[in-house]
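Peer 1: Below is a structure I'd like to ask you about.
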Amino acid sequence: MKRKRSRRALVLGATLATAGLLPVSAPAQAAPAPASADTGTGTGTGGNAAERGADVPYVSYEAEDGTYSGTLLEAEPDRPFGRTNFATESSGRASVRLDSAGDHVEFTSTAPTNSIVVRNSIPDAPEGGGREEPLSLYADGEFVQELTLSSKHSWLYGNTDDPEGLTNTPGGDARRLFDESHALLDRTYPEGTEFRLQREDGFGAEYAVVDLIDLEEVAPPADKPPECTSITEYGAVPDDGEDDTAALQEAVTADQEGEIDCVWIPEGRWRQERKILTDDPQDRGQYNQVGIRDVTVRGAGMWHSQLYTLTPPHEADGINHPHEGNFGFDIDDNTQISDIAIFGSGTIRGGDGGHEGGVALNGRFGQGTRISDVWIEHANVGAWVGRDHSNIPELWNPGDGVEFSGMRIRNTYADGVNFANGTRNSTVTDSSLRTTGDDALAVWSSKYVEDPAVDVGRDNAFTNNTVQLPWRANGIAVYGGSGNTIENNLVSDTMTYPGIMLASDHDPVPFSGTTLIANNGLYRTGGAFWGGQQEFGAITVFPANTDIPGVVIRDTDIHDSTYDGIQFKSGGGAAPGVEVSNVTITDSNNGAGILAQGGARGSATLSNVEISGSADGDVVVEPGSQFTIDEGGSPS
């Protein structure tokens, strides 16, 4: 089924205001237009903004841009992280808190819709574990339904910036404050409908914070292709709350063995409590880590065919690997999965005794693997591509030509998609990722491969993706490798780290060839981490241990950075010969337009680079730095 697509997911553009919480006694805001990268950002012409970001079927609306009653939450200029700071963790660095019955957010739709997603935060339960509260949805003044808000998967506590040191037990600093609620509506509402989200008398928590709303006209469920066999023929029953894993595994095994041509997951919610894989009769290794191959799994649409688990991975019995969890698919080769949702039940990343959130899609991935139009939520990692060579060496099969497209990855505890272990020639395109707990997109050219001289993470590309609100680490990152590309992406509202980072930490294979960063838009990115001791730029080049040669940054807009626009960071290596051209940097709030730190080594040449509104100067080379910047090709 061809997806209905209507518009690009664009950056949400409120300008940073003054510190503090601003109570609103009377609504005075006009109904917002859909959020846009060109609305209120003040960006220049560093690239072609029309080509950036994912082409998605929904329109996003910022709560603070609508008509509301409640309390406006706005971030402080340094956007502090880790102080239970709702505004810092909000899209556009602003949101609306509903404090009392009758408080609401109201906005007018700009396209037809029959679904809603609300990014929100409500308090944790006093002893942890989350709670649920109702929020009323109205359309043109008529009650539509209640939406269930939940804090089960949010609220991590602890003063450490080590993610494995955080806990679900209330106390002290809190972060990862937001989660999302979604619902299909009973009919399609036309463009121009006035929607209202309202707190009622029955709301039992102290507050609800509303950050943004997605409205989408979801297509009807697709029909079963004639070549596919439904999992219902193997005993699965939708919406009954019983575990359907055995039926799903039997259907996948039948496809793998050539007994059927395709696995069909019909409309419905299907409970899955064990990962789908290939049983290894030899029981090689400590865990069964043999994935599926030569399998096609199709669904009726990500809103319609949903796999879910009720058991947090650390509570599941007999999972194949503690990091990989009890849901989703283990993939070794030539597998196609499309038009489904995979909803985990993770609540933490490693804290509280090694608890993990699980991985929705993991394995060697091999060749011929394509994943499209899959919605992943509440996993530790959305997709981890690659296994260590030592993990059953005879099955070594690094990802080659793996394709991800149309992904919708939300609310993870670590990475969105990570190309590891020598993955090459692979792509993530036209995908949206929001509130990831580590890098939303990453290439990690690790050394856990058969031959580090050959098995290099190379020629991978992240193109036309929209990344929003990573609550830890980067929007997009490359650690080592050769010939990797980051192009035509939108990245906004990183909590702690750069929008884009190239780094040689994590002991990767050294960088070589050209690493291209082209035609990206970065808005409100960068941040401070590791106890505030490290401040990161919107784009950061960090030769932590080895050199990072061959960096090209071009045709890019960087706006409203927390610290520097482009930062060359101190490290044990150098970044020689960086080329920066056709780049616009505006309003670096607490830093420079371009900064070379005191311990940085290397060189950069600027051509047609425009910088304005920098707190600490346009181009700054700190004393003691061995980094040189040639500004000859840029306006003075």
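Under mature numbering (1 follows the signal peptide of the UniProt record, and there is no 0), read the sequence shown as residues -30 to -1, 1 to 606, first letter to last.
Glycine included, every Cβ here is placed at the ideal spot set by N, Cα and C.
Treat the numbers as computed from the prediction; the structure is a model and nothing was measured.
Alpha carbon to alpha carbon, how far is VAL66 from GLU164?
Peer 2: To locate residue 66, count along the sequence shown from 1; it is residue 96. To locate residue 164, count along the sequence shown from 1; it is residue 194. Cα to Cα, VAL66 sits roughly 18 Å from GLU164.
Peer 1: Starting from the Cα of ASP264, find the closest Cα among PRO251, VAL548, LEU247, HIS274 and give me that residue.
Peer 2: Stepping through the sequence shown from its first residue, residue 264 is reached at position 294. Nearest option by C-alpha distance: LEU247.
Peer 1: What residues in its chain sit with their C-beta under 6 Å from that of LEU277, if we drop five residues either side in the sequence?
Peer 2: Taking the first residue of the sequence shown as position 1, residue 277 is located at position 307. So the qualifying residues of the chain are TRP240, GLN242, ILE312.
Peer 1: Leaving out the 5 sequence neighbours to the left and right, which residues in its chain are closer than 6 Å to ASP409 when beta-carbon positions are compared?
Peer 2: For the purposes of this step, residue 409 is identified with residue 439 of the sequence shown, where counting begins at 1. Closer than 6 Å at Cβ, skipping near neighbours: ASP385, ALA443, ASN444, ALA447.
Peer 1: Helix, strand or coil for SER474, going by three-state DSSP, please let me know.
Peer 2: The sequence position of residue 474 within the sequence shown is 504, counting from 1. Coil at SER474, not helix or strand.
Peer 1: Cα separation between SER121 and LEU331?
Peer 2: Counted from its first residue, the sequence shown places residue 121 at position 151. Counted from its first residue, the sequence shown places residue 331 at position 361. Looking at the two C-alpha atoms, the distance is approximately 25 Å.
Peer 1: If we count Cβ pairs, one from each stretch, closer than 8 Å, do we get three or more for the stretch 19 to 38 versus the stretch 143 to 162?
Peer 2: As far as the Cβ criterion goes, the stretch 19 to 38 does not touch the stretch 143 to 162, which means the pair count is below three.
Peer 1: Write down every uninterrupted run of the beta strand (DSSP E) in the stretch 25 to 104 whose length is 3 residues or greater and which is fully enclosed by it, in chain order.
Peer 2: Fully enclosed beta strand (DSSP E) runs of 3 or longer: 28 to 32, 37 to 44, 64 to 68, 74 to 78, 83 to 91.
Peer 1: Alpha carbon to alpha carbon, what distance is there between PHE432 and ASN367?
Peer 2: In the sequence shown, counting from the first residue as 1, residue 367 sits at position 397. In the sequence shown, counting from the first residue as 1, residue 432 sits at position 462. One C-alpha to the other measures close to 22 Å.
Peer 1: Taking the alpha carbon of LEU119 as the point to measure from, which residue in GLU134, THR130, PRO96, ALA153 has its own alpha carbon closest?
Peer 2: Residue mapping note: residue 119 aligns to position 149 of the sequence shown, counting from 1. Per the Cα distances, ALA153.
Peer 1: CB-CB under 7 Å to GLY320, same chain, minus the five flanking residues each way: which ones, in chain order?
Peer 2: Taking the first residue of the sequence shown as position 1, residue 320 is located at position 350. Correct list, in chain order: PRO133, GLU134, GLU326.
Peer 1: Can you find at least 3 beta carbon pairs, one from the stretch 373 to 383 and one from the stretch 344 to 356, that sit closer than 8 Å?
Peer 2: Contact between the stretch 373 to 383 and the stretch 344 to 356 is present, because at least three Cβ pairs lie under 8 Å.
Peer 1: Exposed or buried, SER474, counting other C-beta atoms within 10 Å across all chains shown (16 or more means buried)?
Peer 2: For this step, residue 474 is matched to residue 504 along the sequence shown. Flag for SER474 reads buried.
Peer 1: From the DSSP output, which residues share a beta bridge with TYR493?
Peer 2: Translated into the one-based positions of the sequence shown, residue 493 becomes position 523. Answer is SER462, HIS529, bridged to TYR493.
Peer 1: For ASP69 versus TYR177, is the C-beta distance shorter than 8 Å?
Peer 2: Counted from its first residue, the sequence shown places residue 69 at position 99. Counted from its first residue, the sequence shown places residue 177 at position 207. Yes, the pair counts as a contact, with Cβ atoms nearer than the cut-off.
Peer 1: If you run the structure through DSSP and keep just helix, strand and coil, what is VAL207?
Peer 2: As a position in the sequence shown, residue 207 is number 237, starting the count at 1. Three-state DSSP puts VAL207 in coil, outside helix and strand.
Peer 1: Among ASP213, ASN454, SER106, LEU136, whose alpha-carbon lies nearest the alpha-carbon of GLY172?
Peer 2: Indexing the sequence shown from 1 puts residue 172 at position 202. Among ASP213, ASN454, SER106, LEU136, the Cα nearest to that of GLY172 belongs to SER106.
Peer 1: Please report the straight-line C-alpha distance between PRO208 and ALA270, rounded to a whole angstrom.
Peer 2: Taking the first residue of the sequence shown as position 1, residue 208 is located at position 238. Taking the first residue of the sequence shown as position 1, residue 270 is located at position 300. Cα to Cα, PRO208 sits roughly 13 Å from ALA270.
Peer 1: Leaving out five residues on either side along the sequence, give the residues of the same chain with a beta carbon under 7 Å from the beta carbon of PRO50.
Peer 2: Residue 50 sits at position 80 when you count from the first residue of the sequence shown. Around PRO50: THR58.
Peer 1: Taking three-plus beta-carbon pairs below 8 Å as touching, is the stretch 502 to 513 in contact with the stretch 561 to 574?
Peer 2: Yes, they touch.
Peer 1: Quick check on SER(-6): does DSSP put it in helix, strand or coil?
Peer 2: In the sequence shown, the residue the question calls residue -6 occupies position 25. With a pLDDT of 29 at SER(-6), under the threshold of 50, the predicted position of this residue should be treated as unreliable, though the coordinate-derived value follows. In the structure shown, SER(-6) sits in coil (DSSP, three-state: anything other than H, G, I, E or B).
Peer 1: Would the stretch 480 to 499 and the stretch 452 to 471 be scored as touching if the rule is three or more Cβ pairs under 8 Å?
Peer 2: Contact holds: three or more Cβ-Cβ distances are below 8 Å.
Peer 1: Would you call the stretch 519 to 536 and the stretch 490 to 508 in contact, with 3 or more CB pairs under 8 Å?
Peer 2: As far as the Cβ criterion goes, the stretch 519 to 536 touches the stretch 490 to 508, which means the pair count is three or higher.
Peer 1: Compare the C-alpha of THR266 against each of ALA224, GLN537, GLN256 and name the closest.
Peer 2: The residue you call residue 266 lines up with position 296 of the sequence shown. The residue with the shortest Cα to Cα distance from THR266 is ALA224.
Peer 1: Could you tell me if PRO478 is buried or exposed, where buried requires 16 or more neighbouring beta carbons within 10 angstroms of its beta carbon?
Peer 2: For this step, residue 478 is matched to residue 508 along the sequence shown. Answer is buried; the Cβ neighbour count reaches 16.
Peer 1: Quick test of your reading: ASN434 and ASN395, contact by CB under 8 Å. State the CB separation rounded to the nearest angstrom.
Peer 2: What you label residue 434 is simply residue 464 of the sequence shown in a count that begins at 1. What you label residue 395 is simply residue 425 of the sequence shown in a count that begins at 1. ASN434 to ASN395, Cβ: 18 Å. No contact.
Peer 1: Roughly how many whole angstroms lie between the Cα atoms of GLY333 and GLU170?
Peer 2: The count along the sequence shown starts at 1 and reaches residue 333 at position 363. The count along the sequence shown starts at 1 and reaches residue 170 at position 200. Using only the alpha carbons, I get a separation of about 46 Å.
Peer 1: Tell me which same chain residues have a C-beta within less than 7 Å of the C-beta of GLU103, skipping the five on either side of it?
Peer 2: The sequence position of residue 103 within the sequence shown is 133, counting from 1. So the list reads ILE92, LEU119, PHE173, GLY174, ALA175, ALA178, once near-sequence residues are dropped.
Peer 1: Let me know if PHE597 comes out buried or exposed under the rule of 16 or more other beta-carbons within 10 Å of its beta-carbon.
Peer 2: Counting from one through the sequence shown, the residue named residue 597 turns up at place 627. Under this definition PHE597 is a buried residue.
Peer 1: Can you give the Cα-Cα distance for ASN304 and GLU294, rounded to whole angstroms?
Peer 2: Taking the sequence shown and counting its residues from 1, one reaches residue 304 at position 334. Taking the sequence shown and counting its residues from 1, one reaches residue 294 at position 324. Between ASN304 and GLU294, the C-alpha separation is close to 20 Å.
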